[in-house]
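See structure below.
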Amino acid sequence: MSKVILGKKLAMTQIFDENVLIPITIVEAGPCVIVQRKVKKKNGYNAIQLGFLEAKENRFNKPELGHFRKNEVRPQKYLREIRVKDIGNLKIRDEIRVDAYLYYRRKRRENKLYDSQESKMKKKSKCLKCGKIIEEKGRFME
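Just so it is clear: in the sequence shown, position 44 is 29 by the numbering used here, and no numbers are missing.
Structure, rendered in structure tokens:
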């Protein structure tokens, strides 16, 4: 499955690192709910429809509410269809969360080690210029 998750931009901020300004975007990502599955046999292509951010029922018209009720999913404010090569074992009403992607990202990075005790983060990384190991401590944002 392709790694896709919907999110909402909350704010912009900045960090100074060695007299260099780094712009940072703060995003509220997931959880996303699978609202609909499209299978190649029936629709001609494989895709999933993701919903993000629950909304009140009175914000939708009857056809839209029928779409959600048919699949027994609460109404979602944002709906996006994402094509995938293989749907695999994804089911309607499954949630896709950010932590699933963070786990794989952590495993791939060999130069960064995370300690999940009490949501504390210890980050060890190598300096690209001198090769020293730098250790930083901070809060792990979920």
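We treat Cβ as the ideally placed atom computed from N, Cα and C, and that holds for glycine.
Bear in mind that the values here come from a model prediction, so they are computed numbers and not experimental data.
- In this structure the stretch 17 to 37 touches the stretch 57 to 70; the number of beta carbon pairs closer than 8 Å is three or more.
- Going by DSSP, Glu13 is part of the beta strand (DSSP E) stretching over Val5 to Ala14.
- Residue pairing by DSSP places Asp2 opposite Val5 in a beta bridge.
- Using a 10 angstroms sphere on the CB of Gly36, the tally of other CB atoms reaches 16 or more, which defines it as buried.
- Arg68 carries a strand assignment under DSSP once its states are collapsed to helix, strand and coil.
- The beta carbon of Phe53 is closer than 6 Å to those of Pro60 in its chain, skipping five residues each way along the sequence.
- Closest in alpha carbon position to Ala14, among Gly(-8), Arg44, Leu64 and Lys76, is Gly(-8).
- Assignment of beta-bridge partners to Arg22 by DSSP yields Ile33.
- Residue burial is scored here from C-beta neighbours: Gln(-1) has fewer than 16 other C-beta atoms within 10 angstroms and is therefore classed as exposed.
- Leaving aside the five residues that flank Phe1 on each side, the residues in its chain whose CB is nearer than 8 Å to its CB run, in chain order, Ile7.
- In terms of Cβ geometry, Gln34 and Ile67 form a close pair [threshold 9 Å].
- Linking Arg22 to Asp84 through their CA atoms gives a straight-line distance of about 22 Å.
- Just measuring C-alpha positions, the residue of Lys25, Ala32 and Val5 sitting nearest Arg65 is Ala32.
- Assignment of Gly73 by DSSP, reduced to helix, strand and coil, places it in the coil class.
- Within the same chain, Cβ atoms closer than 8 Å to the Cβ of Lys76 are found at Ile19 and Arg22, the five residues on either side in sequence being excluded.
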